[in-house]
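Q:
There are 4 protein chains.
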Amino acid sequence: MGSVFGRKLKISLFGESHGNGIGVVIDGFPAGVCVDMQRIKKEMNRRRPGGKLSTPRKEADEVEILSGVLDGHTTGAPIGAIIRNTNQHSTDYARHYDIPRPSHSDYPASVKYSGNHDIRGGGHFSARITAPLVFAGALCQTYLLEKGIHVAAHLFSVGNFLDDSFSAITYENYEALKEKDFPVLNDAAGEAMKAAISDAKEQGDSVGGIIECGIYGLSAGIGEPFFDSLESTLSHMIFSVPAVKGIEFGDGFAMATRFGSENNDCYALKDGKIVTKTNHAGGIAGGISTGMPVLFRAVLKPTASIYLPQKTLNVKTGEETELQIHGRHDPCVAVRGVPVVEAATAIAITDALLFAGE
Amino acid sequence: MGSVFGRKLKISLFGESHGNGIGVVIDGFPAGVCVDMQRIKKEMNRRRPGGKLSTPRKEADEVEILSGVLDGHTTGAPIGAIIRNTNQHSTDYARHYDIPRPSHSDYPASVKYSGNHDIRGGGHFSARITAPLVFAGALCQTYLLEKGIHVAAHLFSVGNFLDDSFSAITYENYEALKEKDFPVLNDAAGEAMKAAISDAKEQGDSVGGIIECGIYGLSAGIGEPFFDSLESTLSHMIFSVPAVKGIEFGDGFAMATRFGSENNDCYALKDGKIVTKTNHAGGIAGGISTGMPVLFRAVLKPTASIYLPQKTLNVKTGEETELQIHGRHDPCVAVRGVPVVEAATAIAITDALLFAGE
Amino acid sequence: MGSVFGRKLKISLFGESHGNGIGVVIDGFPAGVCVDMQRIKKEMNRRRPGGKLSTPRKEADEVEILSGVLDGHTTGAPIGAIIRNTNQHSTDYARHYDIPRPSHSDYPASVKYSGNHDIRGGGHFSARITAPLVFAGALCQTYLLEKGIHVAAHLFSVGNFLDDSFSAITYENYEALKEKDFPVLNDAAGEAMKAAISDAKEQGDSVGGIIECGIYGLSAGIGEPFFDSLESTLSHMIFSVPAVKGIEFGDGFAMATRFGSENNDCYALKDGKIVTKTNHAGGIAGGISTGMPVLFRAVLKPTASIYLPQKTLNVKTGEETELQIHGRHDPCVAVRGVPVVEAATAIAITDALLFAGE
Amino acid sequence: MGSVFGRKLKISLFGESHGNGIGVVIDGFPAGVCVDMQRIKKEMNRRRPGGKLSTPRKEADEVEILSGVLDGHTTGAPIGAIIRNTNQHSTDYARHYDIPRPSHSDYPASVKYSGNHDIRGGGHFSARITAPLVFAGALCQTYLLEKGIHVAAHLFSVGNFLDDSFSAITYENYEALKEKDFPVLNDAAGEAMKAAISDAKEQGDSVGGIIECGIYGLSAGIGEPFFDSLESTLSHMIFSVPAVKGIEFGDGFAMATRFGSENNDCYALKDGKIVTKTNHAGGIAGGISTGMPVLFRAVLKPTASIYLPQKTLNVKTGEETELQIHGRHDPCVAVRGVPVVEAATAIAITDALLFAGE
């Protein structure tokens, strides 16, 4: 297992979907930062299951802070926090040791842990483990806001329906975006996405999507090439978010068909500040922030757990079998993935800043 | 700087484009592995500048091994190796402190290192630093081959011209691919790519491309989620390769428009071995290898250094200026990037295996 | 803060003396190890306050395991565990921000955390934080016992009273030693130590001591020089135990007055096994285990908290003042330090073994 | 192997006693620090073999800096440096695979690396590897001096002959100490030590010693408890120095027989600065620097290589045998260990400062 992330800010996650509780220890968080319980609550609620487009599992997701906070501010000591699991249905998971769910961790985890892993609800691989990640991210966002840095994500696409892009518009309504029930820039596009998700759900299926994330206000000079470029450390973190299968910075894969003369970001002066006229690079050059918004997109695969029957294998008997997955699942994990990507990004950026000694 | 990579296998890179020499220290490499100097030479040659489609800079790239190897096998001690720089032209770089090259590290590095960085030829940010990475990768490939693991990459696209894909065909000619002058599966497609590169070069421009990489023979169970999933550690490494701006595993961004029922990889038995009928996931589920080929694609932006004049800024005076870059540059970095991506991948996989105690 | 230890086994500690709870996350622990709750309970009890020679603070120290354990065995996922604090008396600590306790963390922590640290009962610096360390150590001892490795410590000295030494006798009663109320090899020496502690307590004072620890059954070949020698990683861990101010391996400081001809450990064959005739080196040569018992001694300073009045400074006003410390403290921390040193050692050795791929 | 040290400043050592060359890569060193070649040369010379009391092996120890330095200052990029070996005598080492030298790494390394290690002159375990460590330390000392921090070490004892102690006197002649041929505070004591070393040498034997080191000018607040206390990180580094078998901070093992009332360091005001009246703790409380001088002593065992014949084992045949070691060795490694301990300390303190963001 590798459930610890970070160089100076170290995040240690634990918990399983159907265990007693989940949580996180945050080591290296600066002392003297106000702990904004309202923001924490808001972020937890954004990720929390509930609503027509997500899993029907109900969880209060009440965070109990056990250490590292005194009189409303951080002390510099590790922040330990736990969330109790309250709504587990573990009846029918045992069979997945024999009939692993397609595109789940069941089979590779079975090999890795010699069948000792907790398979109930995905165990430690469950997206539920992102709850303490969101808590840690909310703390980091408070810290970043003190430095004038905003992390904002939105649902860029679901199926073939696209939202506007941070790279095409000037976006500054970070807080308003966080208040939205359905986190898109263009609400009309959002309605089309919602319909696509509802359709998938009705058909017992799931659908993929893309999340776009922007880091606004990060000054130039952050990132540690050769190996710990900003792209390297951000992608390391973002691929931890369950279901992520790709990431691109700035214009990303579109650069494959570009000429250098089209793709280069030339420098200019704007309001006395050095900027680039375009931001194809997504705010990173040579692995270091340029002072422009850092922009990336991550693709989340369609939820692996679907109600539709699947022809697969009983790995114990070697016989082909039909599998139908019950339980409660999100038809599009990208929706609740938005606050998770924000949180993960905030953690990675906080670590990058602290490591740089800022 | 963050020029050290790895958990058990630790790679420490150093050097600048126009300094005395470049090199690498490889700590934690297993004892008793035969050092195949022919393979090392071959890999170094694949990356080495030369040929019509790359920079005219000539470098012998002779590796001198200083330690860690005795009588042709590794000793278990750190392997130190250096390569002398012989063909530096450093005349006209000083001006780039004032007029940073667009989409280069010049400006952000200037902020980060307060103008103390070596800007000649890109300094430590130069793609030249990938030479010792290829050396380290060649050693790792020898180790992996002993375990039956092949790492193979090819140029998947240049501009709008596409090669075949590892995900669409059954590929097993790993060694033949490494022998090719122009590393594509489909030579006809390769000719079109070459033409596109020549065109860009003639116009004083550059062009982007995509590299596809496959890891064949990796057994199920490798990867350390939550944070050190195989995708996380591979992407961390691959974004270290200069010019990479995006990565996708398996079908990657194409999953955004898929249904779960289309995208799931169901299990089956083939020749007595557990496989998946499809491999949309690129051989990784839950962050752990499934035993199927691990496949990913990385996009490399068009070379930032182009001959065409660019309108940009003198950051000292604040005046707009026109910049024309001289020096010697690859019109498409993705070509020589192929052996670099292979090497980087071999290093990351070797570390993952060693860390897992295999 | 640096509350994470380990390379492959990663221990993340959290908690304060007077906070809601304390705990630990253990990442990288092998799957399939039986969790011996009785051993855990026994080890926790050995460290637990109570008895005439320790602090009168009463704590049940009930460990709640939140994750990583299923049906009595480890799953391979991170093990999260918490212990509630129940018996805090926090009335009179605030003054220590102004009048830091001599030889405590109060003053340096105040500088480091700009006065934001939790000073109540020492906060995160309290020896109370060793409770979750003992839990983690108990788990590691179970793992080590499966491999035939015993970790055993005893009180080597208190004041001028000395126990027998592991280096002078052949010791194999590891489990019997753990059952003792007062962990010494020679009970008569133990009585003298107890009297010395009682005397110190009656005088409102405290007294120092030395703990000796042996690792029996560790095979040759463990340790990662140059920088991660067995001495380096063990000492790194042991200096984390509050009050430790020195460590020596084998004959340690006595070697300063020796000749090489006296100090060298020559090889011999015993029962078909390669051994050394003497073990001055404490089972480590060149930073790597030799197969002989690994032996070290650590000195623990007398408890800094004493009832006797001390002339010290009010750092806010700059005035000299007299300080009398109330609260509940151990007159000799070395006593309860014995199971803590065992636990810390077990953790460090488990990490060394796992990192070596054993 | 674990030949990489540090969190923000990362040192990667390589090389063997009889290989082509040895060296170091220093990653994370701040940009813009002047590289004082004279100081580097001086420190290298202090460690360099030569003189009546050390090994007769002659090495110029010329450092070639390959990267990371431009026009006399550091660039922020990794500093790669190599030293050629020129004076190897490798004739008679092969037999040590069968007849390992007592108290050397030969046997445990043979187990660890399955006999593949380079045994000539101790290979990577040779004290020769401390040459690049001294280079790295000299750079760090330049950096520390810019911050007003002095690292100074002296030979505290050889056999039964004691120098004065930093803890007993007020010492401020740091630079004068470095100029001495024989690094002691009290030259009369030094003469007695020299005689003891000469005696040991004449008898074909070796003798142990203790090095004392002081870090002057370190401000309060440095150190990262729980696990990365200043004692933990310093001891981790110091045990990397070959032959070190014990370390104590401040009064160390003497605290075992002390009462708290004797051992506590009470605060006082001196010249408007908060100090402690005594410094038993050696400048560290709660794992964090107090602003007083950080003091520690390390014991170095007598050189394992002695000319006197030793009765030991042929591990291949299982027969007892007599071994006489030829080759060139120091009769007291503690002498040349003084600049090495200084260098190692400077590296560890620089990393601690940089990690703290200072």
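Protein chains in written order, with the working numbering: chain A, 11 to 368; chain B, 11 to 368; chain C, 11 to 368; chain D, 11 to 368. Note that CB positions come from ideal geometry on N, CA and C, so glycine has one too. All values reported here derive from a predicted model rather than from experimental measurement.
1. Quick check on A/Leu323: does DSSP put it in helix, strand or coil?
2. Check this for me: beta carbons of D/Gly125 and B/Tyr123, under 8 Å apart or not?
3. So, at 8 Å on beta carbons, what are the nonlocal neighbours of D/Gly214 in its own chain, with the 5 sequence-adjacent residues on each side left out?
4. Please work out which residues of its chain come closer than 8 Å, Cβ to Cβ, to D/Pro40, disregarding the five sequence neighbours upstream and downstream, and give them in chain order.
5. Looking at chain A, which residues of the region 308 to 326 of chain B have a Cβ within less than 7 Å of any of its Cβ atoms?
6. For D/Phe236, which option in C/Lys51, C/Thr140, C/Ala344 and C/Gly42 has the closest C-alpha, if you only look at C-alpha atoms?
7. Is the beta carbon of B/Gly33 less than 8 Å from the beta carbon of B/Ala91?
8. Taking 8 Å as the CB-CB cut-off, is D/Lys255 touching chain C?
9. Please confirm if C/Cys276 has its CB atom under 8 Å from at least one CB of chain D.
10. Between the Cα of B/Gly147 and those of B/Leu187, B/Tyr117, B/Asp174 and B/Ile248, spot the shortest distance and give me the residue it belongs to.
11. So what does A/Glu368 bridge to, in DSSP terms?
12. Name, in chain order, the residues that DSSP records as bridge partners for C/Arg94.
13. Pull up the distance between the alpha-carbon of C/Pro341 and that of C/Arg49, whole angstroms please.
14. For the region 329 to 355 of chain D, list the beta strand (DSSP E) runs that are entirely contained and at least 3 residues long, ordered along the chain.
15. At which residues does the beta strand (DSSP E) containing B/Val194 begin and terminate?
16. Below 9 Å between beta carbons is the criterion; list the residues of the region 214 to 227 of chain A that meet it against any residue of chain B, in chain order.
17. Could you tell me whether the Cβ atoms of A/Ser13 and A/Arg346 are closer together than 8 Å?
18. Could you confirm whether any beta carbon from chain D is found closer than 8 Å to the beta carbon of B/Phe24?
19. Could you pull the DSSP bridge partners for B/Asp37 from this structure?
20. List, in chain order, every chain A residue whose beta-carbon is nearer than 9 Å to that of C/Pro252.
21. Under 7 Å Cβ-Cβ, which residues of chain A neighbour D/Phe15?
22. Would you mind telling me which residues of chain C sit closer than 9 Å to D/Leu279, beta carbon to beta carbon, in chain order?
23. C/Ile36 and C/Ile89 - do their beta-carbons sit closer together than 8 Å?
24. In chain C, which residues lie less than 9 Å from B/Lys18 when you measure between Cβ atoms?
25. Taking 8 Å as the CB-CB limit, is A/Tyr123 close to chain C?
26. Do D/Cys223 and D/Thr360 have their beta-carbon atoms positioned less than 8 Å apart in this structure?
27. At least one CB of chain C closer than 8 Å to the CB of D/Glu258: is that the case?
28. According to DSSP, what are the bridge partners of B/Gly224?
29. Whole beta strand (DSSP E) runs in the region 67 to 93 of chain A with 3 or more residues, listed along the chain?
30. Since D/Val73 and D/Ile93 should fall inside the 8 Å C-beta cutoff, what is the C-beta to C-beta distance between them, to a whole number of angstroms?
31. Using only alpha-carbon positions, find the residue among B/Gly292, B/Gly337, B/Met54 and B/Glu26 that is nearest to B/Glu352.
32. For the region 74 to 90 of chain A, enumerate the residues whose C-beta is nearer than 8 Å to any C-beta of chain C, in chain order.
33. How would you list, in chain order, the residues of chain C whose beta-carbon sits under 7 Å from the beta-carbon of A/His290?
34. Decide if B/Asp116 is buried, meaning its Cβ has at least 16 other Cβ atoms within 10 Å, or exposed.
35. Checking the sheet assignment: what are the DSSP bridge partners for A/Glu258?
A: Quick answer:
1. strand
2. The answer is no: Cβ separation not under 8 Å.
3. Ile316, Tyr317 and Leu318
4. Thr84, Gly86, Tyr153 and Leu364
5. Val309, Lys311, Pro312, Thr313, Ala314, Ile316, Leu318, Gln320, Lys321, Thr322, Leu323 and Val325
6. C/Thr140
7. yes
8. yes
9. When Cβ-Cβ separations below 8 Å define contact, C/Cys276 makes contact with chain D.
10. B/Ile248
11. Note: A/Glu368 sits in no beta bridge, so no partner.
12. C/Gly31
13. 27 Å
14. 329 to 333
15. It is not in any beta strand (DSSP E) - B/Val194 carries neither H nor E in the DSSP assignment.
16. Of all residues in the region 214 to 227 of chain A, Gly214, Asp215, Ser216, Val217, Gly218, Gly219 and Ile220 have a Cβ within less than 9 Å of some Cβ in chain B.
17. no
18. B/Phe24 counts as touching chain D.
19. B/Lys20
20. The premise fails here: C/Pro252 is roughly 14 Å from chain A at the closest Cβ pair, so nothing lies under 9 Å.
21. Residues of chain A passing the Cβ test: none, with the nearest at roughly 15 Å.
22. Leu323, Val325, Gly328, Glu329 and Glu330
23. For the pair C/Ile89 and C/Ile36, the CB atoms are nearer than the 8 Å cut-off.
24. Arg17, Lys18, Phe365 and Gly367
25. yes
26. no
27. yes
28. B/Ala162 and B/Leu305
29. Every beta strand (DSSP E) of 3 residues or more that sits fully in the region 67 to 93 of chain A is shown, in chain order, as 73 to 75.
30. 6 Å
31. Considering only alpha carbons, the answer is B/Met54.
32. Glu74, Ile75, Leu76, Ser77, Gly78, Leu80, His83, Thr84, Thr85, Gly86, Ala87, Pro88, Ile89 and Gly90
33. Simply none; closest approach about 38 Å.
34. buried
35. DSSP, once it has assigned bridges, lists A/Arg307 and B/Gly256 as partnering A/Glu258.
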